[in-house]
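Residue numbers (this note's numbering): 100 to 438. Using N, Cα and C, we set each Cβ at its ideal position, and we do this for glycine too.
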Ligand code: NAD
Ligand code: TYD
């Protein structure tokens, strides 16, 4: 099998490449990544010498480049992780989210239609379902939950999902879509909640909690997401959507307090800051379909996964210290100073 993995210099795509090269050592993996602020070649350093791995720098929205790559490589499978992925950035600058997440996806689909493919897999998010109320813990997102987005990020991901489904219905492109809950683990860019809090706590910096900290996220250890996608691309039914999540719901405040406790810091580091506009209240996945159809189950519970993640950030300081000492400083100042 030859698999093009887009966005693999990022958090989940990078973990997926490491996972796949271990699980399927005979497969050839090509990483295609534009190396935006979120892409990091250091994430791929452990596999750069693997003869079954290669890296190509490029934009999924660049039609000529994508067609050339398909012609040269004749891939069997595309797994599309490439995206602008941060909700707060989408509130500041929605345009790039439409360009990469929607136009980029459409270019990949056109290439699949033109050159033929065994499977196109779209890595989507539970955020396309909008949010759930905090006082209804009995409610979960299923694959039938209507799409109802809140942020420019989730709207762009939902638009991409609709295009993927349209290319299946109209052009018979063999697609699958997965919608996963919040991931955490190694190589997570420190603009997102968990790595931001770990990095700040280690530097004794304030821990900025949006609003009241009551919002709930359903956390999945990144390797469990990788195993689910592996199953879907090999055994999932063409044309189907699969939700991925492991029932590990936590309020943001619980997450932040766990990190403080694990690092032996003080809760006085917590600073409540103004809320994110349109802030989704609760995400919670019902993973029944992937469990019953494909036998997928997560293996890492939050209490264990958060310990492993913290240990990874302690053991890999150069990876994240280099990030937060660069242009990230400007981003941080703009987002958090005087908030
Ligand atoms: P990330 O921001 O860490 O990585 C995105 C990668 O895509 C980066 O390497 C970046 O350089 C690359 N990229 C951006 N624009 C590109 C373009 N135009 N062409 C080629 N490459 C480009 O994101 P992530 O957290 O790893 O998320 C990966 C995917 O998973 C996204 O599609 C996201 O919507 C989805 N997802 C993420 C989560 C989560 O919790 N992080 C949960 C569910 C779904
Ligand atoms: P994030 O990691 O940005 O993921 P998403 O918004 O896609 O779920 O944020 C997770 C939660 O943490 C979300 O409710 C917003 C909150 N949050 C904070 O309270 N403070 C922060 O500095 C960040 C980045 C997020």
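{"Item": "For residue 157 and residue 208, the rounded distance between their alpha carbons", "Value": "16 Å"}
{"Item": "Pairwise C-alpha distance: residue 391 and residue 109", "Value": "30 Å"}
{"Item": "Residue 437: CB within 6 Å of a non-hydrogen atom of the ligand TYD", "Value": "no"}
{"Item": "Closest by C-alpha distance to residue 137, when choosing among 152, 113, 154 and 124", "Value": "113"}
{"Item": "CB of residue 277 within 7 Å of CB of residue 382, strictly", "Value": "no"}
{"Item": "Residue from 326, 356, 403 and 355 whose Cα sits closest to the Cα of residue 121", "Value": "326"}
{"Item": "Whether residue 131 touches residue 155 by CB criterion (7 Å)", "Value": "yes"}
{"Item": "Residue 115 burial status per 10 Å Cβ neighbour count (16 or more: buried)", "Value": "buried"}
{"Item": "Residue 245 versus residue 107 - alpha carbon distance", "Value": "29 Å"}
{"Item": "Contact check, residue 255 vs residue 197, beta carbons under 7 Å", "Value": "yes"}
{"Item": "Identity of the residue in 117, 252, 239 and 104 nearest residue 179 by Cα", "Value": "104"}
{"Item": "Environment of residue 247 [buried if 16+ CB atoms lie within 10 Å]", "Value": "exposed"}
{"Item": "Residue of 310, 417 and 294 minimising C-alpha distance to residue 407", "Value": "294"}
{"Item": "Under the three-state DSSP convention, the category residue 101 falls into", "Value": "strand"}
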